[in-house]
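Residue numbers (the working numbering), protein chains in the order written: chain A, 1064 to 1376; chain B, 1064 to 1376; chain C, 1064 to 1376.
Backbone N, C-alpha and C define an ideal beta-carbon position, used for all residues, glycine too.
Fair warning: this is a prediction, and the values are worked out from it, not measured in the lab.
The next block holds one structure in the form of structure tokens; read it before the comments.
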Amino acid sequence: MTDSPWTRKDLLGIADLSAEEIEHVLDTAESFREVSDRPIKKVPTLRGRTVVNLFFEASTRTRSSFEIAEKRLSADSINFAAKSSGLLKGESLVDTALNLQAMAPDLIVIRHGHPGVPHMLARRVEAGVINAGDGAHEHPTQALLDALTIRQHKKRFEGLKVSIVGDIEHSRVVRSNVLLLGKLGAEVTVAGPRTLMPVDMESYGVRVVHSIEEAVRGADVVMMLRVQLERGARMAFPSTREYFRLFGLTRERLKAAKRDVIIMHPGPMNRGVEIASDVAEGRYSVILEQVANGVAIRMAVLYLLSGVHQEIG
Amino acid sequence: MTDSPWTRKDLLGIADLSAEEIEHVLDTAESFREVSDRPIKKVPTLRGRTVVNLFFEASTRTRSSFEIAEKRLSADSINFAAKSSGLLKGESLVDTALNLQAMAPDLIVIRHGHPGVPHMLARRVEAGVINAGDGAHEHPTQALLDALTIRQHKKRFEGLKVSIVGDIEHSRVVRSNVLLLGKLGAEVTVAGPRTLMPVDMESYGVRVVHSIEEAVRGADVVMMLRVQLERGARMAFPSTREYFRLFGLTRERLKAAKRDVIIMHPGPMNRGVEIASDVAEGRYSVILEQVANGVAIRMAVLYLLSGVHQEIG
Amino acid sequence: MTDSPWTRKDLLGIADLSAEEIEHVLDTAESFREVSDRPIKKVPTLRGRTVVNLFFEASTRTRSSFEIAEKRLSADSINFAAKSSGLLKGESLVDTALNLQAMAPDLIVIRHGHPGVPHMLARRVEAGVINAGDGAHEHPTQALLDALTIRQHKKRFEGLKVSIVGDIEHSRVVRSNVLLLGKLGAEVTVAGPRTLMPVDMESYGVRVVHSIEEAVRGADVVMMLRVQLERGARMAFPSTREYFRLFGLTRERLKAAKRDVIIMHPGPMNRGVEIASDVAEGRYSVILEQVANGVAIRMAVLYLLSGVHQEIG
């Protein structure tokens, strides 16, 4: 990790990153993967560093992955949940940012419902800022952990056929994944009901189809998306049963994919809605590897950003 | 602690344990008791280990006891509260278990409203699982801390007269206590209003009576239970005043007990409902020793389970 | 820090402290300030000590400042939030105190809505107790961090003209500040609408005025208070616009102050209500220094109280 091409203070989105930077994060994460396999799952790398986890939206899954990553790096974590947060009530986001800065954290992990909030924060604080999801805009660590999982199985991205299927419109992860896979040379297909497909998807350089059969045919990777029932996806189709009939990933449908296809899902899954239970737990599924890789990617990102910070400060 | 008879991955209930295993947990806890009396209340035993506290029901008392035990052992604690938990929303408990497993925790402490959930979790994860209460089924660390407190005062269990008095039906702790005391040879009497007494209590090998006077007479240990007003116990008697008149432990009633009786209560107490305030703070009360022993028992259990895990992993 | 005049177990209020003790806390905090400027912001001072943060009212700002201070001192923090706290439900505050004591924490930081609760707690537990705000009564660490900020800029308190302006009635910080500044010899003026001014303010030995112009004139320090819209201050004036017109701190109004005036605010600010945005971020503002000093003061207080505890225990 000596000749790092990483010179950024923040990780705000995949849009900013070069293919080389992406590969460097993946390499770094690979070297952290084995820490979680040790009996003593801890390295002193970030000892004495303070990481603020600032979550304006509930997200136990992502927050806990970051928190475990922070603890495995020996950092001190401070958690702010939006609901209980007097810090955030009655003051502008700028004041929240300035206040956090005054307490001198080293890194801030932020989840917010509105696109661009992490970018605003990054401009106002010296601390490194990690975007843990800003609405449907970017969620870079999710795309990186997906990429790490793909690379472990496929060894390459160039020419790889990756199909992303489901509730494209409400997904927090599609945009970052499409950007990342495009930068690394994969051929991305996006599929979903018309009512859940943003009109401008073609502009991202992806193939857009409206049947899961077409998306799965010849695919190396099938990435299923959670139907965001809680964000209004419910209005877009007659019933979850109907959704499963039209867009659910079944063993039958999977037969059209490459023989060594891998199945991914960012979680939490709606079994029997976007994915059949036996497919979710089947031999092609790498869904739990994604979770494990999530901790490794977050360790890598925390490490890389704090390294830069260390040289500056 | 070298010749440990402890070979279990999980602590799910007292039902599983032999008398020898129970005594071994108590002995181990005894050796941890003095850590909490030191100026520096910390040992490096679980340094680098990750403990997930997964509470589907609010329980600050038990959770904080575990969390203090974890910190005194130098473990890293990750807290999940049910309410705020995106991890747990919209996915099956199995997926929650598998996801947790993928993050490679060493131990999981779980509290859940339904009997058997910790057992299901334990079958799905490699991590050691500690049942911190599954409905009214088992709450083994509570029974163990009660046993430690009794042993410190009475030195033996064989032939000891222990009476458990109050809201038997809604209690989280009765079943584990009855099982444990039976295994160690104590003579258990259970007393409470008929409306708060499960019909099958005799099948546990205990004496069932319906007056507190009868329960207290000649008792070595009187264990008072919290009237679970919030779980519907309110319907079972006319008023809390009436309950106190019939089943409240008073100084007067205590006179019929052995001269060196000890008074226990798992907390939180309803003073003036199941126990008079002067009895709760009086010379026979060991209620606060129970709290202190709770930390020691949890340290012992965390230590024993992680030891097994260490040898396997 | 060898010849400490600090012999107290608790920090309950400024009312108890001598000028010498106050200056000693400020000196100690000064020596901790630089820890937050290091790349490794951590000292082993409180390693192995347990600090319970017991917040009966939400207060992310104060809680996080304490939590960061605790982590920079290597203490173990246990957080109790009031809402989710089974520990606190259905039992008296006395039982909560006794239970906490039984878990043997070294220090307890308490925020409660009612005056005197920290004092009651301090009488019942061996642990050192820090009052983090008991209603509108005392909030000593806030007054101390304000004093540290003033001393850094003005080098003295004797004869210093300090004006406190705004919602005096609902403020959590006025009383401690008035007491502290009086003990150190400053001349305090208090200003605010009559509807937000307690009738007995003169009894504190302060000058009471009812125009911001009069308060600002010749002031060395202007301390603006948050209009506590959420605590009913809203009823006391026609509109926030009207409040700003009458009592908002503007650049124009600031011209009447000393040329080297400093502007303070305990946060969170209502920009455009009690303070103009350009004043809040302007050259006289020391508001963010207050936040940074907050961490240093809390480190100092935690250190001083634990030191006493160490000698006793």
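Since residue i meets chain A, which of its residues come closer than 9 Å, beta carbon to beta carbon?
{"i": "T1070 (chain C)", "result": "None at all; the shortest Cβ gap to chain A is about 30 Å."}
So with Cβ pairs under 8 Å, would you call residue i a contact of chain A?
{"i": "R1257 (chain C)", "result": "no"}
{"i": "M1166 (chain B)", "result": "yes"}
{"i": "P1331 (chain C)", "result": "yes"}
{"i": "G1376 (chain C)", "result": "Confidence in G1376 (chain C) is poor, its pLDDT being 32 and thus under 50, which makes the residue's placement unreliable; the coordinate value appears in the next sentence. G1376 (chain C) does not count as touching chain A."}
{"i": "S1369 (chain C)", "result": "no"}
{"i": "S1127 (chain B)", "result": "no"}
{"i": "I1275 (chain C)", "result": "no"}
{"i": "F1310 (chain B)", "result": "no"}
{"i": "L1351 (chain C)", "result": "yes"}
In whole angstroms, what is the alpha-carbon distance linking residue i and residue j?
{"i": "T1313 (chain A)", "j": "G1229 (chain A)", "result": "13 Å"}
{"i": "K1134 (chain B)", "j": "S1266 (chain C)", "result": "48 Å"}
{"i": "A1138 (chain C)", "j": "Y1366 (chain C)", "result": "10 Å"}
{"i": "L1317 (chain C)", "j": "I1275 (chain C)", "result": "10 Å"}
{"i": "L1244 (chain B)", "j": "A1210 (chain B)", "result": "8 Å"}
{"i": "A1116 (chain A)", "j": "I1326 (chain A)", "result": "What sits at residue 1116 (chain A) in the sequence shown is Asn, not Ala. When rounded, the distance between both Cα atoms is 30 Å."}
{"i": "F1095 (chain A)", "j": "R1361 (chain A)", "result": "10 Å"}
{"i": "F1118 (chain B)", "j": "F1307 (chain A)", "result": "32 Å"}
{"i": "H1165 (chain B)", "j": "G1255 (chain B)", "result": "It is Ala, not His, that sits at residue 1165 (chain B) in the sequence shown. The alpha-carbon atoms of A1165 (chain B) and G1255 (chain B) are separated by roughly 46 Å."}
{"i": "R1297 (chain B)", "j": "Q1291 (chain B)", "result": "8 Å"}
{"i": "R1186 (chain A)", "j": "V1364 (chain A)", "result": "19 Å"}
{"i": "R1257 (chain A)", "j": "V1271 (chain A)", "result": "10 Å"}
{"i": "I1173 (chain A)", "j": "V1336 (chain C)", "result": "28 Å"}
{"i": "I1419 (chain C)", "j": "E1305 (chain C)", "result": "One cannot answer for residue 1419 (chain C) here, as it falls past the ends of chain C, which runs 1064 to 1376."}
{"i": "P1329 (chain C)", "j": "A1160 (chain C)", "result": "29 Å"}
{"i": "E1382 (chain C)", "j": "V1324 (chain B)", "result": "What the structure shows of chain C is the stretch from 1064 to 1376, and residue 1382 (chain C) is not part of that stretch, so it cannot be assessed."}
{"i": "A1343 (chain A)", "j": "E1120 (chain A)", "result": "27 Å"}
{"i": "D1283 (chain A)", "j": "V1241 (chain A)", "result": "15 Å"}
{"i": "W1069 (chain C)", "j": "S1067 (chain B)", "result": "48 Å"}
{"i": "S1369 (chain C)", "j": "E1293 (chain C)", "result": "35 Å"}
{"i": "M1260 (chain A)", "j": "G1311 (chain C)", "result": "49 Å"}
Establish whether the CB of residue i and some CB of chain C are separated by less than 8 Å.
{"i": "L1150 (chain A)", "result": "In this predicted model, L1150 (chain A) has a pLDDT of only 48, less than 50, meaning its place in the structure is not dependable enough to derive any value."}
{"i": "N1162 (chain A)", "result": "yes"}
{"i": "L1244 (chain B)", "result": "no"}
Against chain B, does residue i count as a neighbour if the rule is that its beta carbon must be under 8 Å from one of theirs?
{"i": "A1339 (chain C)", "result": "no"}
{"i": "T1303 (chain A)", "result": "no"}
{"i": "G1111 (chain C)", "result": "yes"}
{"i": "F1118 (chain C)", "result": "no"}
{"i": "S1155 (chain C)", "result": "yes"}
{"i": "S1234 (chain A)", "result": "no"}
Please list the partners that residue i has in chain B, where partner means a Cβ-to-Cβ separation under 7 Å.
{"i": "E1093 (chain A)", "result": "The contacting residues do not exist; E1093 (chain A) stays about 16 Å from chain B at best."}
{"i": "A1363 (chain C)", "result": "Ordered by position in chain B, no residue passes the 7 Å Cβ test against A1363 (chain C), which lies about 20 Å from the chain."}
{"i": "T1391 (chain C)", "result": "The structure shown has nothing for residue 1391 (chain C), since chain C only spans 1064 to 1376."}
{"i": "S1122 (chain C)", "result": "Going along chain B, no residue has its Cβ under 7 Å from S1122 (chain C), so there is no contact; the nearest lies around 18 Å."}
{"i": "I1131 (chain C)", "result": "Simply none; closest approach about 17 Å."}
{"i": "S1099 (chain A)", "result": "A1167"}
If the cut is a Cβ gap below 7 Å, which residues of chain A does residue i touch?
{"i": "D1158 (chain B)", "result": "P1331 and M1332"}
At 8 Å on the CB atoms, spell out the chain C contacts of residue i, in chain order.
{"i": "V1225 (chain B)", "result": "Here the premise fails: no neighbours, minimum Cβ distance about 22 Å."}
{"i": "F1143 (chain A)", "result": "T1123 and S1127"}
So which residues of chain B does residue i contact, with C-beta pairs closer than 9 Å?
{"i": "I1103 (chain A)", "result": "R1110, G1111 and R1112"}
For residue i, return the contacting residues in chain C, with the cut-off set at a CB-CB distance below 7 Å.
{"i": "V1358 (chain B)", "result": "M1166"}
Applying a beta-carbon distance threshold of less than 8 Å, which residues of chain A neighbour residue i?
{"i": "I1171 (chain B)", "result": "Going along chain A, no residue has its Cβ under 8 Å from I1171 (chain B), so there is no contact; the nearest lies around 12 Å."}
{"i": "A1355 (chain C)", "result": "A1165, M1166 and A1167"}
{"i": "S1067 (chain C)", "result": "Those within 8 Å of S1067 (chain C) in chain A number zero; the least Cβ separation is about 26 Å."}
Which residues in chain C have a C-beta closer than 9 Å to the C-beta of residue i? List them in chain order.
{"i": "K1134 (chain B)", "result": "T1113, D1139, S1140 and I1141"}
- prompt: Where in the segment 1176-1203 of chain C do unbroken runs of the alpha helix (DSSP H), each at least 4 residues long, occur, reported from the N-terminal end onward?
  reply: 1180-1187
message: Measuring CB atoms only, is the segment 1105-1115 of chain C touching the segment 1094-1109 of chain B, in the sense that at least three cross pairs come out at less than 8 Å?
response: Look at the beta carbons and you see the segment 1105-1115 of chain C touching the segment 1094-1109 of chain B: at least three pairs across the two are nearer than 8 Å.
query: If you pair each beta-carbon of the segment 1215-1231 of chain B with each one of the segment 1178-1194 of chain B, do three or more pairs fall below 8 Å?
result: Inter-segment contact for the segment 1215-1231 of chain B and the segment 1178-1194 of chain B is absent: fewer than three beta-carbon pairs are separated by less than 8 Å.
query: Between the segment 1195-1206 of chain A and the segment 1115-1127 of chain A, are three or more C-beta pairs nearer than 8 Å?
result: yes
task: Could you tell me whether the segment 1281-1296 of chain B touches the segment 1222-1239 of chain B, using the rule of 3 or more Cβ pairs below 8 Å?
output: yes
message: Under 8 Å: do the segment 1079-1091 of chain A and the segment 1084-1102 of chain B share three or more Cβ pairs, one atom per stretch?
response: No: fewer than three Cβ pairs fall under 8 Å.
- prompt: Counting pairs of Cβ atoms below 8 Å between the segment 1178-1189 of chain A and the segment 1069-1080 of chain A, do you hit three or more?
  reply: yes
- request: Kindly provide the ranges of any alpha helix (DSSP H) runs that are 4 or more residues long and lie completely inside the segment 1335-1369 of chain C, ordered along the chain.
  value: 1340-1343
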